[in-house]
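Structure first, then comments.
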Amino acid sequence: MAKIIKLALLGTAVALFAWGCSKEKPETDPAPKTAPETPADTTLNLDALVADTLSADSLARLEAERLEADRARLEEMINRIMLEDVYFDYDRSDLTENAKRLLAQVAEILVNETRFIVTVEGHTDERGTEDYNISLGARRSTAVRDFLIAYGVDGNRLMSVSYGEERPKVQGSDENAFAKNRRAHFRVSIANNE
Amino acid sequence: MMKKMKLFFCAMTLMLAAPTFAAIDTIAVDVGISVFQTMPIGIVPFEEPETIKWANEAPHQILARDANLSGRFEAVPSEKFDLVLFSKKRARQYVTGQATKLSNGKIKLDCYLYAAETKDLLFGESYTVKSQEVRQAIHMFFDNVVYRLFGERGVASTKLAYVSVINGVKQVMIADYDGFSRRQITRDSTTSTMPVWQKGNKGLVYVGYRKHRPNLYAISFGGKETSLFSQFKQAYGPAVNPKTGELIFSVIDNAGHSELYRGDMKTGSAQKFLHLPSNQLSPSWSPFASEVLFTSDRGGSPQVYAVGRDGTDVRRITFMGHYNERASWSPEGDRIVYTSMDDGKMNIYTCALDGTDIIQLTSNAGNNEHPTWSPDGKLIAFSSDRGGSYQIYIMRKDGSGVTRITNGNENKSPTWSWFFDGKK
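Chain order of the listed sequences is S and R. If you read the first sequence in numbering that gives the first Met the number 0, its first letter stands for residue 0, the second for the next number, and so on. If you read the second sequence in numbering that gives the first Met the number 0, its first letter stands for residue 0, the second for the next number, and so on.
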């Protein structure tokens, strides 16, 4: 949050400075007044015009840079959330201590960044029936959603969905693959109306 | 004893249906190891001009496959009529025919069922079809042979719906019950799975992830996909009432619980079926829609339960093991097939309606799951990864005669169609 304000202030300062320069320029230069009908006039006006455009350009560029920095920061946060999956024990949907630690970090971000809309996907390993795994995935995604709500995240920004065994993260039929596939995964989007 | 009675009844029907050869004693009442008493039947190649090129198999090969898959017959193939062979193998009847290419490009198939000893014609039927319809015509003839000899409908004309992985996406497919004539039904970029047949085989109902969550969809063959019960955020596991066509399925509520709902496909209205605190999934109707089987974890592990169609009188069926799921009621009414997981491996079992008399049908062959009954109750199709990738297999209801019917990429989750109303 602090970073945003700092960036914004800096942006404003630079913009003001640029604006000031372009305004002052015609006044400090007496040339147009002494010889108003010389070709120099056009040259001067042209100069002013160029200065004006430049300043508008830099303004836009700074604004773009600010937005870009903001977006990069959001993206970095989104990536952090989306990279971190919450893992579960076999055939369980209760949260492990590790899961709770990770979820507390995610919740912290979501409480502060209210523009994020999050879908919690519940996944299972390939063992068991397709039907049972959809029900298990639903319980997992809901357990994660419930934890985040209890932490203070607005439930309206949290969707939960079950993929069952549909989307394994890792291919393979060994315990290593199973453990990585028993997970809740976050999908994050940014709300349109800020 | 029941079995004996039934077989006796079967023999009676047989005599009534085919008085011309009442002497056949095809049913030896020896109910011991195998549930099936297969009846040997001679298969003789059709008389056919060499100009006919068959797409996959010649008519007599299709008939031999139908006979061996049916669970009723054992094919006795012979290059020509051979009384010695037929007598030795106890084949009291044989099938053969004649194929003719017509000037309009169509093929005329004259199909016959003969008594082996007398060479009397018992039954004959003629089909004029396009070359791509040959299999269909032969299946139809075979089902009529079943009807003549057993007084029951055969399943050679039925189909399977299943799920294929195509370009990395699960798509719903249909095929003839023997795996031929495959056809892709869904063409979406998101997962389609869990297909079941609408009543009268008018189309399919299945689960699609079009909105990045599981929802029910319906499609008619050659038609457009329509969304069903979109009032629910997440729904899955549809089952079709064999009498009314009504659906029963699981809905995931806000608390993450799976609960059973009954719904009318046409009006889109749905009501909660069971008021239980546990998760309920994998519903399946009894043949006369008087009861519903489902899985519940109310006892701590997934187990099979039955409940009356009004949602009362819940009773537990499975008690053995810690994971019994996806039960399905035999069309004959007397058995339940389900999937059980033990030691991380899935296998298929049947049991009586009260959960007793458990018979393990698959073992020591990878994972075996998603059993589905043929509409005559004689066969079970299922998916197995015994060969490396998941493929669809058919077996008899006693676990014998396992035959793979798909190949290639991953194929799984079969559901058998209802009977098709063909000509009799």
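We put the beta carbon where it would ideally sit given N, CA and C, even for glycine.
- Closer than 8 Å at the C-beta level to chain S, one finds these residues of the stretch 240-252 of chain R: SER249, ILE251.
- Setting aside the 5 residues that flank it on each side, MET158 of chain S is surrounded in the same chain by THR118, each with a C-beta closer than 6 Å to its C-beta; the list follows chain order.
- The Cβ of ALA142 of chain S sits closer than 9 Å to at least one Cβ of chain R.
- A residue is called buried when at least 16 other Cβ atoms come within 10 angstroms of its Cβ; ILE189 of chain S does not meet this threshold and is exposed.
- In the DSSP assignment, HIS122 of chain S falls within the unbroken beta strand (DSSP E) covering 115-122.
- Within chain R, LYS169, THR190, THR192, TYR208, PRO213 have C-beta atoms less than 9 Å from the C-beta of GLU165 of chain S, given in sequence order.
- Shown here, PHE177 of chain S sits in a helix according to DSSP, grouped into three states.
- The beta carbons of ASN240 of chain R and SER257 of chain R sit no closer together than 9 Å.
- Minimum Cα-Cα distance from GLY262 of chain R among the listed residues R:ALA254, R:ILE247, R:PRO276, R:VAL154 corresponds to R:ILE247.
- Contact between the stretch 171-187 of chain R and the stretch 142-162 of chain R is established, with three or more Cβ pairs separated by less than 8 Å.
- Taking 9 Å as the upper bound on Cβ-Cβ separation, chain S lies near no residue of the stretch 258-275 of chain R.
- Residue environment for LYS87 of chain R: exposed (fewer than 16 other C-beta atoms within 10 angstroms of its C-beta).
- Put simply, of R:ILE184, R:GLN270, R:TRP328, R:PRO301 the residue whose alpha carbon is nearest the alpha carbon of SER289 of chain R is R:TRP328.
- Here THR50 of chain R is exposed: its Cβ has fewer than 16 other Cβ atoms, across all protein chains shown, within 10 Å.
- GLN279 of chain R has R:SER295 as its beta-bridge partners, per DSSP.
- A Cβ-Cβ distance of about 13 Å is found for the pair ARG325 of chain R and THR349 of chain R, leaving them out of contact under the 8 Å criterion.
- Of the candidates R:PRO330, R:GLY407, R:PHE318, R:GLY407 places its Cα closest to the Cα of SER388 of chain R.
- In this structure, LYS377 of chain R lies near VAL154 of chain R, with their beta-carbon atoms less than 9 Å apart.
- Residue contact with chain S for ARG325 of chain R: present (Cβ-Cβ distance below 9 Å to some residue of chain S).
- If you keep only unbroken beta strand (DSSP E) runs of at least 3 residues inside the stretch 130-186 of chain S, you get 157-163.
- Going by DSSP, GLN92 of chain R is part of the beta strand (DSSP E) stretching over 92-100.
- Going by beta carbons, GLY244 of chain R and MET264 of chain R fall inside the 9 Å limit.
- Beta-bridge annotation (DSSP): LYS271 of chain R is paired with R:TYR260.
- Within the same chain, and ignoring the five residues on either side of GLN104 of chain S in sequence, no residue has its Cβ closer than 6 Å to its Cβ.
- Among the CB atoms of chain R, none fall inside 9 Å of the CB of ILE116 of chain S.
- Contact between the stretch 165-178 of chain S and the stretch 120-127 of chain S is present: three or more C-beta pairs spanning the two stretches fall below 8 Å.
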